[in-house]
Amino acid sequence: MALLNPYWRVMTKLSLRRSLLYVPAANARALDKARTLPCDAVIVDLEDSLAPEAKAAAREAAVAAIRQGFPGKTVALRVNATDTPWGAADLKAAVAAGPDVVVLPKVSTPEQVVAVSRAIGEDIEIWAMIESCEAVLRVADIASTAKIAALGALLVGTNDLAAQMRCRLTTGREALNSALSQTVIAARAFNLAPLDGPFIDLEDAAGLESQCRHAADMGFDGKSLIHPSQIDAANRLFSPSSERIAWARAVIAAFEAEPKAGVLAVDGKMTERLHLREAERIAAFALQAG
Ligand code: COA
Ligand code: MG
């Protein structure tokens with residue numbers, strides 16, 4: 670029974686967000702295929718992947734696809750920014766379709782998040798895209814709207830950000846490290862999920878692996894993906910390793926055996942109650958990820 674599970678308190682706050690697959694709303698075949706893929710979330714896209722002439726028809730296709738559903742997945746709709754000719758109609762479509770999440774691109778102020786949250790209602794979570802220099806400079810203010818709006822995540826738009834910074838977007842992303850890290854810190858400060866941008870070289874599996882590992886090491890919960898071939902790497906690299914799960918089990922068992930202890934040695938390492946909380950989070954994650 671769920672309530673008897675020792676991790677239930679942590680689990681209620683967990684939702685897997687390792688692999689977030691973008692699907693252009695104009696691509697009916699890809700929308701169908703997405704239902705069969707093992708990604709944690711599908712982001713039906715009305716923004717960058719569509720030409721202006723395709724936007725209106727794609728909006729209708731997006732509403733139909735979201736109503737049809739993507740069983741077992743978080744369903745997100747990426748709308749166009751509110752100051753574009755399509756933004757207002759996209760938000761209306763979101764309310765009509767009822768996705769779990771609206772991905773809001775080109776956020777640069779906290780007021781934009783609050784206004785959109787009021788427009789779509791608190792049943793739909795917002796993932797704010799951090800993809801401009803203005804957004805990075807105000808990322809803490811944007812994250813703080815979680816106190817008054819249904820903000821659930823900060824999603825870094827690495828391509829738009831690199832374009833505005835005029836930096837070189839290498840696999841190691843040295844030029845973006847500061848922005849990526851600031852986004853993780855702001856997200857965690859307000860209990861939001863930090864989510865990474867996509868890796869666009871579909872031929873470079875090793876590059877994708879190293880970028881997923883780097884993002885997971887930085888604290889991101891998951892990564893935006895653009896192709897089905899990228900899902901397995903993200904699911905694997907944003908999950909705790911078997912060694913980490915074994916460590917978590919050992920720490921939990923050690924504190925169960927000595928419930929009054931504040932500090933213990935587990936496998937020869939100093940282990941405090943802060944490690945126990947981390948171990949419980951990992952155990953809950955492993956349970957949810959199966
Ligand atoms: N979601 C779901 N299915 C996808 C997919 C995606 N993002 N990308 C490709 N597929 C499907 C194809 O429909 C094809 O399915 P099929 O075997 O049933 O025919 C299969 O995967 C193989 O596709 P492939 O031929 O390798 O890719 P492609 O050349 O058709 O498309 C892209 C390449 C990059 C155009 C495509 O992957 C894409 O549009 N990605 C998302 C882009 C996007 O949303 N960008 C905005 C966010 S950055
Ligand atoms: Mg973009």
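Going by our numbering, the final residue of the sequence shown carries number 959, and the count climbs one at a time with no gaps.
The beta-carbon is built from N, C-alpha and C at its ideal position, and this holds for glycine as well.
**Request:** Out of Q833, G826 and S879, state which residue places its alpha-carbon closest to the alpha-carbon of T840.
**Result:** With distances taken between Cα atoms, T840 lies closest to S879.
**Prompt:** From M939 to A952, what distance separates their C-alpha atoms?
**Reply:** 19 Å
**Prompt:** Taking Cβ positions, are P779 and S813 nearer each other than 8 Å?
**Reply:** yes
**Message:** Run the Cβ filter for me: residues under 7 Å from any heavy atom of the ligand MG, listed in the order they occur in the chain.
**Reply:** E716, D717, P774, E800, G826, N828 and D829
**Request:** For the alpha helix (DSSP H) holding V782, just list the boundary residues, first then last.
**Result:** P779 to I789
**Request:** State the CB to CB distance for the pair I799 and A819, rounded to an integer number of angstroms; the pair is presumed to be in contact (CB under 8 Å).
**Result:** Not a contact, Cβ separation roughly 17 Å.
**Prompt:** Using a Cβ-Cβ cut-off of 7 Å (strictly less than) and excluding sequence neighbours within five positions of E947, which residues of its own chain qualify?
**Reply:** none
**Between the CA atoms of V783 and A858 - distance to the nearest angstrom** = 18 Å
**Message:** Using 8 Å as the threshold, is the C-beta distance between K892 and D870 below it?
**Reply:** no
**Message:** Just to confirm, is the Cβ distance from A863 to V853 under 8 Å?
**Reply:** Residue identity differs from the one stated: residue 863 is Pro in this sequence, not Ala. In this structure, V853 lies closer than 8 Å to P863 by Cβ.
**Request:** Measuring alpha carbon to alpha carbon, tell me which of I789, A725 and A710 ends up nearest S688.
**Result:** Of the listed residues, the one whose Cα sits closest to S688 is A710.
**Request:** Buried or exposed for I793, please, with buried defined as at least 16 other CB atoms from any protein chain shown within 10 angstroms of its CB.
**Result:** buried
**Request:** Could you pull the start and end residues of the alpha helix (DSSP H) that T852 belongs to?
**Result:** Start and end: N846 to A858.
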